[in-house]
Every structure is written in C-alpha cells, then in structure tokens.
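Protein chains in written order, with our numbering: chain V, 15 to 236; chain A, 136 to 444.
Reading through the structure tokens given below for one structure.
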C-alpha cells in the first residue's frame, strides 16, 4: 500500500488560508490503513482546522467527506454535489489521489494535506516500512524476496557495502541493512548460491527514470 | 604488464608496494594539494585521490589527479557511484585516461547523509562492482556498458576496496571474490586496527585462492588522538578499533598521543607485511599527509624513486 504522513497544520493553513470554504476529503484505502487519511482522520483534521480558525476568529465553512478511493473516477464522483459549494478541496489522499481529483474537478484548487512517502507494509500497529520502489522489473525472486533496490540505502545489486555493521545500515542504527536481510533469508531457504553471480547494471528505464509511466491494457478497456 | 600503470609495475616486481591517500582541498586552491603531493613524493608507488570523501564537497578527483601527475606522482583516481550516473562515470573514465591517469579505484562511496550536502539525491545508478566491471570491459573488450565499441579504449589498472571488518563477517571474503571475478587487479582495504580479524580475512582469502589473483594492499590510518580513535570507532561507518587500542591511546599523555598513533601505524605496517598475500600497504593519513614519510621510514618500507620522471 501507499504510506503517507499528515503535514503540519501550519503548512496546511498556509495553503488554504486564502479560501473561505474548504471541503476536506479523505480516502478510505491505503492512507486509511496507515491511519492518516481515512474517515476518522478526515474528521480529526476538519475539527483541528475548525478550532484553529475559530481561535483566529476566522469563520470558514469546513465540510468533511470521505471517498472509498480517491484514485478511481467512479468513487471520485461521490463528492460531485459538494464540490461546487466549496472554494477548495483539501485532500487526504496520496499524491495520486490529489492529482486524480484535479483531473476530474478541473476548476477547483486541490491542496494536499499529506506527504506521500512510499510503497510499504504494516509491520505492526503503528509501524510501516518501505519495501518497494516500483522499479518496473521485479527481481525479488533472486534476492530471497528482500528488495536490494528499496531496502539497501545505496541500491546495491552486489552488496553489502562496507558500512554494514551488526545487521544495521551505516546511515542509521535503526535501519536494518537490506543486504544482511537478503543474505540471512537466502541462507534460511538454502539459496545462497543465487548471490555468487555478478549482477549487471539495472535497467532503470522501466523505473521513473524512463519518464512518467502508464499501463495500457486493451482487454480492460470499456 | 596489462597496462601502463606504474603501480602495476611495482606490484608485478614483487616488492612490497606503498600507496598513500591524498585528499583534495575544499575549494580550488591548488597550493594545498601541491604541498600535500610534495610531502609524499619519492615515498610512494602511487597516490590515491579521494572522490568527495564522506560526501563532503571537494575538488574533483580527476582534476586533483592531473595536478599530482604533473608533480611527478602516479595517481589512482577514486571514483564513487554515489554522485554520478553511468553516463558521467564512463565519460570521466575517458577524461581521466586522456589526462594520463592509469589507475582507478572503483567505490560506491559513503552515503550522502554523512556529508555537507545531506539533501542531495544519491545517484547509485551503478554499484562499485558494476563500475569495476565497466572499467575492465573498456580495457578488455573496448566497449562501454551495453556493448557499444569506443575509439581508443582507456586501459586502466582497476581496483576496488574491501572492508574486512564489516558484517556479515563471513560474507566479506565472498564479496572480495565477486570483485576479483568482476575484474579487480588490486584491492585496498579499509583501515586496519583489528589485526586478528584482518588475519582471519586474509587466511579466508588465501584458502579460496584469491591472493593468487589479486594484489591486496592493507589499509593503515594513523590515529592522531584518543578522541579521533573514539570518534572513528563509534561514528565512522565500517571501522573496527579494538578497545585495547583505544585505551593504549588514552594512556598516552595528550601531547604524546600523536606519536603513539604513529607508533601503532608503524607496528601495523610491520605486522601486515608478514601476512602471506599482503602485497603492500595503503596509508590513509587524513589531513596528515606530511607525516607519511616518517611512518614509512620507521616501518622500513620507505624511500623509493619517484614514480614518474
């Protein structure tokens, strides 16, 4: 899923201060799973904004709504009636959600309330970690299902580097060394031999380096 | 001889080779570099020029190599993959060779979070082993990455680093093997303080026949003070300084600590020289290049004719 975090209220206010009515729109998918943009968090942010503006005696209209998915038109239509009644949409979607809203509601400013961070997993309640960069050519099968691109700070394909110490990355003792994980995992499944071969340079053209990507599937088109 | 490298020549002759590190200045002042270079002249077979070491912005290693070459040194250009993609790296290999540089040390580089440009993008298009293979493919096959032929391929004597003290410990020698397989002619190790662990590493390397295939130069960095020892032990990535060495530095009176550090460096050189498979020593005296001659002299590996006439 996509993992994100809430921006500071001051930064959000700087962007929305100029409007008198705000539609705060959550997304009940990924960002709800990481407890930052679902229905509950949308309510909390709307309340916090109301309180903040009340303190400044600024009587803004602040309405809240939550879509099942902000990145799919069928769901985005769910706020079609509320949108014209507001000056701005404050989105608690990920970067894709914010831009999808902008594509659909062409005459409305859309402001992000979140910083979109990464594709990751919920390791435990309250802990999310990054483990996929969407490079476009998954090689997890060779690395014991631990990604060297996402989980090594230097994207080493022939790691580990000289900074791996006690299973920790040189950049920060809280960060596990991705290569330590790869080696341990391959050892556990008896496939360490996969690492003896030289891995040639990665073809980054399938990643963002190849420009903004898209997928077209004729079999899925209407 | 596979290349025109004077380092290769020295190593091939079978004598105990000596290289030293020379850090370029933080700025465009050539005088600092020339002073450092002069103090090493006549003492080393080749000089390594670091590439924005610890991610601190400094004069480019290619430019500094060229200046040191004019001074009479045999330069080893260090190249990290942190800051440049494969287009820039290959271009710099051409450029360095065109300037008369015949040795390259291929590195990944310290993460940018350690330096003075913490907000920089980390490129890491290639890793150190891929860069090494790239330099070797230019030399052996006259091609760049992807197989396109080039006119007048650079013929580098190509090296890599290895850290015998990083983890996972048993993996280090396997990685060394991978570097040899990718085409390393020589290896310069991380600074050695834990000699027991280094000896284990060397015996592992000998056991799988790597010392027959690659020249290993043992890395030595003199400690200036107990403060430096503690800092390196705890804050610098990949450094292993045993507690007994730190307390040895601590026991020396403050004004004698530098001498103690130099003594330790001398003893280290003498000890690594006795280890089978160690082809030479690589002295990394950080902002202390002027003390290198006395270390080499005391260790009995000193004075040699200047590399280049």
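For each residue, glycine too, the CB sits at the ideal point set by N, CA and C.
Rounded separation between residue i and residue j - CA only
i             : j             : result
residue 284/A : residue 276/A : 8 Å
residue 350/A : residue 19/V  : 50 Å
residue 266/A : residue 63/V  : 52 Å
residue 86/V  : residue 37/V  : 18 Å
residue 393/A : residue 359/A : 5 Å
residue 442/A : residue 207/A : At residue 442/A the pLDDT is 45, less than 50, meaning the model places this residue with poor confidence; the figure from the coordinates comes in the next sentence. Roughly 7 Å between the two C-alpha positions.
residue 310/A : residue 214/V : 15 Å
residue 71/V  : residue 34/V  : 12 Å
residue 17/V  : residue 437/A : 58 Å
residue 189/A : residue 373/A : 12 Å
residue 66/V  : residue 230/A : 59 Å
residue 48/V  : residue 221/V : 25 Å
residue 263/A : residue 185/A : 15 Å
residue 44/V  : residue 421/A : 49 Å
residue 163/V : residue 74/V  : 46 Å
residue 240/V : residue 234/A : In the structure as shown, chain V starts at 15 and stops at 236, and residue 240/V therefore has no counterpart that could be examined.
residue 158/V : residue 140/V : 26 Å
residue 444/A : residue 209/A : Residue confidence is low: residue 444/A scores 31 on pLDDT, short of 50, so the model does not pin down where it sits. Its coordinate-derived value is still stated next. Going from the Cα of residue 444/A to the Cα of residue 209/A covers about 10 Å.
residue 143/A : residue 320/A : 8 Å
residue 204/A : residue 432/A : 23 Å
residue 207/V : residue 169/V : 20 Å
residue 355/A : residue 429/A : 14 Å
residue 231/V : residue 126/V : 30 Å
residue 174/V : residue 182/V : 11 Å
Unbroken beta strand (DSSP E) run spanning residue i, endpoints
i             : result
residue 350/A : 350–355
residue 415/A : 413–418
residue 322/A : 321–326
residue 153/A : 152–157
residue 80/V  : 75–81
residue 132/V : 128–138
residue 142/V : 141–146
residue 158/V : Per DSSP, residue 158/V belongs to no beta strand (DSSP E) and is neither H nor E.
Closest residue to residue i among the options (Cα-Cα distance)
i             : options                    : result
residue 183/A : 147/A, 239/A, 140/A, 148/A : 239/A
residue 145/V : 87/V, 167/V, 129/V         : 167/V
residue 118/V : 58/V, 135/V, 94/V, 109/V   : 94/V
residue 143/V : 151/V, 134/V, 150/V        : 134/V
residue 172/V : 58/V, 210/V, 59/V          : 210/V
residue 241/A : 233/A, 252/A, 247/A, 228/A : 228/A
residue 46/V  : 60/V, 80/V, 68/V           : 80/V
residue 279/A : 223/A, 214/A, 313/A, 325/A : 223/A
residue 272/A : 407/A, 317/A, 252/A        : 317/A
residue 150/A : 427/A, 422/A, 414/A        : 414/A
residue 336/A : 364/A, 303/A, 405/A, 363/A : 303/A
residue 78/V  : 58/V, 89/V, 191/V          : 58/V
residue 153/A : 300/A, 168/A, 176/A        : 176/A
residue 218/A : 328/A, 423/A, 191/A, 146/A : 191/A
residue 186/V : 348/A, 307/A, 371/A        : 371/A
residue 155/A : 313/A, 148/A, 179/A        : 179/A
residue 190/V : 202/V, 201/V, 177/V, 200/V : 177/V
residue 329/A : 288/A, 411/A, 396/A, 378/A : 378/A
residue 456/A : 435/A, 423/A, 428/A        : There is no way to answer for residue 456/A, as the model of chain A reaches only from 136 to 444.
residue 160/V : 138/V, 199/V, 126/V, 127/V : 199/V
residue 165/V : 194/V, 103/V, 24/V, 137/V  : 194/V
residue 324/A : 352/A, 216/A, 289/A        : 352/A
Run of the alpha helix (DSSP H) containing residue i, from where it starts to where it stops
i             : result
residue 188/A : Counting along the chain, residue 188/A falls outside any alpha helix (DSSP H), and DSSP gives it neither H nor E.
residue 89/V  : 87–90
residue 148/A : Careful: residue 148/A lies outside any alpha helix (DSSP H) and carries neither H nor E.
residue 36/V  : Per DSSP, residue 36/V belongs to no alpha helix (DSSP H); it is in the beta strand (DSSP E), 35–41.
residue 47/V  : 44–47
residue 169/A : 165–175
residue 55/V  : 53–69
residue 20/V  : Per DSSP, residue 20/V belongs to no alpha helix (DSSP H); it is in the beta strand (DSSP E), 16–20.
residue 115/V : 109–118
residue 103/V : Residue 103/V -> not in any alpha helix (DSSP H); beta strand (DSSP E) instead, spanning 102–105.
residue 164/V : 162–165
residue 429/A : 427–434
residue 25/V  : 23–30
Any chain D beta carbon closer than 8 Å to residue i
i             : result
residue 208/V : Of the chains in the structure shown, none is chain D; the protein chains are V and A.
Taking any Cβ of chain V, which residues in the region 265–283 of chain A have a Cβ under 7 Å from it, in chain order? 265, 268, 280
I'd like the ranges of any alpha helix (DSSP H) spanning at least 4 consecutive residues and lying wholly in the region 203–252 of chain A. 221–233
Threshold first: 3 residues or longer. Then list the beta strand (DSSP E) segments lying entirely within the region 187–213 of chain V, N to C. none
Short of 9 Å Cβ to Cβ, which residues in the region 322–336 of chain A face chain V? 325
Short-range partners of chain A found in the region 127–143 of chain V, where Cβ spacing is below 8 Å: none
Determine which residues of the region 151–185 of chain V have a Cβ less than 8 Å from any Cβ of chain A, and write them out in chain order. 167, 168, 169, 170, 171, 172, 173, 174, 175, 176, 177, 178, 179, 180, 181, 184, 185
May I have a chain-ordered list of the alpha helix (DSSP H) segments no shorter than 4 residues that lie completely inside the region 336–409 of chain A? 361–370, 378–386, 392–408
Entirely enclosed beta strand (DSSP E) segments - the region 266–323 of chain A, minimum 3 residues: 292–297
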